[in-house]
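Trainee: Residue numbers (my numbering): 65 to 246. Just dropping this structure here.
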């Protein structure tokens, strides 16, 4: 919040949630959800987003996705992450978030495009990337230390990256969008 205030183009910051957006009806051209829609993919949120969007307004959903199946080491990272995932927290890749789009007439069918987004990284950047996952970030210090140790072990076993100062992180960007039906 404080960092947002430092961006000159942001003139107003408001408190709200996907289910309770404190804006007038039909006032927004586009809503962009970055790395987040799977957290609030429910009928109430979709209805509220529909309410504030203008006719033909867009709902855009973006995820920067680590390409876990690409390498053996990235598959091991996925297994490690999932070992910490709370059981009531389905991952975005489960696509359960898409269920909210079934049998609704508020938005057009989802459109989809994927883009390659390789990111230069090193060991530290890779580990910090996964330390930022919400349920990993919330771990007690001792468990975070264990997580870091396990990440280092995965990297040490990964012949294609362990000796490199930098490497391409296997990322792509998933973009979904739909327009308001009013």
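Glycine residues also receive a C-beta, built at the ideal position from the N, C-alpha and C atoms.
#1: In the DSSP assignment, find the unbroken beta strand (DSSP E) run with residue 226 in it and report its ends.
#2: For residue 197, which of helix, strand or coil comes out of DSSP?
#3: Below 8 Å CB to CB, which residues in the same chain sit around residue 79 once its five sequence neighbours on both sides are set aside?
#4: Can you tell me whether DSSP reads residue 67 as helix, strand or coil?
#5: Taking the continuous alpha helix (DSSP H) assigned at residue 123, which residues delimit it?
#6: Examine chain D for any beta-carbon lying closer than 9 Å to the beta-carbon of residue 232, and answer yes or no.
#7: Tell me, to the nearest whole angstrom, how far the beta carbon of residue 214 is from that of residue 144; I am working on the premise that it is less than 8 Å.
#8: Rounded to whole angstroms, what is the Cα-Cα separation between residue 109 and residue 98?
#9: Within 10 angstroms of its Cβ, does residue 123 collect 16 or more other Cβ (buried), or is it exposed?
#10: Counting pairs of beta carbons, one from the stretch 167-175 and one from the stretch 235-244, are three or more of them closer than 8 Å?
Mentor: If we stick to the structure as given:
#1: Taken as a continuous stretch (DSSP letters only), residue 226 belongs to no beta strand (DSSP E), as it is neither H nor E.
#2: coil
#3: Same-chain partners within the cutoff: 86.
#4: coil
#5: In the DSSP assignment, residue 123 falls outside any alpha helix (DSSP H) and within the unbroken beta strand (DSSP E) covering 117-130.
#6: Given the protein chain composition of this structure (a single chain), no chain D is represented.
#7: 6 Å
#8: 15 Å
#9: buried
#10: Taking 8 Å as the limit for Cβ pairs, the verdict is that the stretch 235-244 does touch the stretch 167-175.
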